[in-house]
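Notes to accompany the following structure.
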Amino acid sequence: MKKIEAIIRKTKFEDVKEALLEADIEWFSYYDVRGVGKTHEERIYRGVVYDTSYIERIMIILVVRDVNVERTVQAIINKAQTGEIGDGRIFITPVEDSIRIRTGERGDISLYDVK
Amino acid sequence: MKKIEAIIRKTKFEDVKEALLEADIEWFSYYDVRGVGKTHEERIYRGVVYDTSYIERIMIILVVRDVNVERTVQAIINKAQTGEIGDGRIFITPVEDSIRIRTGERGDISLYDVK
Amino acid sequence: MKKIEAIIRKTKFEDVKEALLEADIEWFSYYDVRGVGKTHEERIYRGVVYDTSYIERIMIILVVRDVNVERTVQAIINKAQTGEIGDGRIFITPVEDSIRIRTGERGDISLYDVK
Ligand SMILES: Nc1ncnc2c1ncn2[C@@H]1O[C@H](COP(=O)(O)OP(=O)(O)OP(=O)(O)O)[C@@H](O)[C@H]1O
Ligand SMILES: Nc1ncnc2c1ncn2[C@@H]1O[C@H](COP(=O)(O)OP(=O)(O)OP(=O)(O)O)[C@@H](O)[C@H]1O
Ligand SMILES: Nc1ncnc2c1ncn2[C@@H]1O[C@H](COP(=O)(O)OP(=O)(O)OP(=O)(O)O)[C@@H](O)[C@H]1O
Ligand SMILES: [Mg+2]
Ligand SMILES: [Mg+2]
Ligand SMILES: [Mg+2]
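Protein chains in written order, with this note's numbering: chain A, 94 to 208; chain B, 94 to 208; chain C, 94 to 208.
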């Protein structure tokens, strides 16, 4: 099991959502986050100027079975990518266990919706 | 140390909170999240119909010492479980270090409230 | 790569933000969280009284290359520490991969802003 965290443009959320559902991906969760950084653009054109204001993004979190990691990452990249600075990031982190609260099932089976 | 992330019904939050405090669990953090998925129900009764609207849940995050993992998971399941579809999930992930900002303490001791 | 999660006082956010930018740290994300716990203070002065109301904090999340972990932790502690109860916590967790959505770059290079 892996956790995939994707920080994407708000304008791309609906496309990414559809792509994840079409890719037959299990549930995902999301919430609003803000980002702060030294903007690349400002550095190139104006030297060492910090952009200290924030930008708004959506954080998508989903835990998937190992077999679904690459499919999920590709679905997100396909829809979230514009090619312009600021498309966001995806992080992949380890998950040791997952529990479905309704049944108490643990491990991969807890992530799997039996069809 | 482990991080426990529990996505639960909003209606169960107060019960889970009380259970965690009674179980003598250290601090926890929480915030609102939204969930999107193919609902199990819809698939069974109406075929491949996606429910593309979101549902509201609360994400509880707490980092606990290894000795407290199962106690925490059981406290959450006990109170968050209704037996109906949609009770939520718990994820367990590894934590390499924890720091108490006030003292700079690191490791298990930083999670422990000396009584 | 490591993920650093810092739960800090809202009043310290601007100082921590400046310190991270000055420390030449890559992007970070943040959002509001609430915390619940048995307050240490209440226990000492009034016995076993639970403070069941929440406190507001900001969660900062940043994924950094291994070489930047300690620098980041120190920048946060330096600015977020008041010495009073309630300064918050920092958690360090493993990250297996990072992807820059714009380019598809993976690994450390995806975290690095070429100057
Ligand atoms: N290392 C990081 N840790 C936490 N959040 C990050 C990190 N990098 C980026 N983010 C989040 O992702 C958002 C978008 O980042 P952005 O797309 O500009 O990344 P980038 O690496 O600079 O890519 P690009 O070169 O295409 O601009 C930021 O606003 C921030 O919220
Ligand atoms: N794999 C996942 N990754 C991220 N979030 C998830 C995942 N699975 C569930 N969630 C979150 O948990 C919420 C509740 O999920 P839900 O309880 O329906 O899970 P379930 O496995 O379908 O269980 P049930 O069969 O009891 O319905 C979702 O709205 C979503 O926010
Ligand atoms: N183990 C934990 N898991 C998740 N969140 C935590 C944890 N510990 C603390 N927090 C979050 O950090 C916030 C501040 O915690 P706090 O600074 O009181 O920690 P503390 O260890 O009690 O330190 P102090 O002894 O200085 O008060 C809490 O409101 C909560 O949101
Ligand atoms: Mg950028
Ligand atoms: Mg369900
Ligand atoms: Mg405290």
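All C-beta atoms in this analysis are idealised placements derived from N, C-alpha and C, irrespective of residue type, glycine included.
Rounded to the nearest whole angstrom, the CA to CA distance from A:G200 to C:V166 is 33 angstroms. Under a criterion of Cβ atoms nearer than 9 angstroms, the residues of chain B adjacent to C:M152 are, in order, S122, Y124, I154. Against chain A, the beta carbon of C:V188 has neighbours under 8 angstroms at F184, I185, T186, listed in chain order. Identification of chain A residues near C:I192 by a Cβ-Cβ cut-off of 9 angstroms yields A99, V166, I169, I170, R182, I183, F184, I185, ordered along the chain. For C:G128, the shortest separation between its Cβ and any heavy atom of ligand 6 does not lie below 6 angstroms.
Within its own chain, the residues whose Cβ lies closer than 6 angstroms to the Cβ of B:A116, once the five positions on either side in sequence are excluded, are R164, A168, listed in chain order. Counting the other Cβ atoms within 10 Å of the Cβ of A:V157 gives 16 or more, which makes it buried. Taking C-alpha positions only, A:K103 is separated from A:T175 by approximately 13 angstroms. Residue pairing of B:R164 in beta bridges, as defined by DSSP: absent, with no partner found. Distance from the C-beta of B:G176 to the nearest heavy atom of ligand 5 is not below 6 angstroms. Checking the 6 angstroms criterion, the Cβ of B:L113 is out of range of every heavy atom belonging to ligand 3. By the criterion of a C-beta distance shorter than 7 angstroms, A:I185 is surrounded in its chain by K95, I97, V162, once the five residues flanking it on both sides are discounted.
Distances from the alpha-carbon of B:I202 to those of B:I178, B:K110, B:E119 put B:E119 closest. Under the Cβ distance rule, B:K103 does not count among the residues neighbouring chain C, no pair being separated by less than 7 angstroms. DSSP places A:A112 in the uninterrupted alpha helix (DSSP H) bounded by 106-115. In this chain, the beta strand (DSSP E) harbouring C:Y124 covers 121-129. In this structure, C:G197 has its CB at a distance of at least 6 angstroms from all heavy atoms of ligand 4.
Listed along chain C, the residues sitting closer than 8 angstroms to A:I178 by beta-carbon distance are R195.
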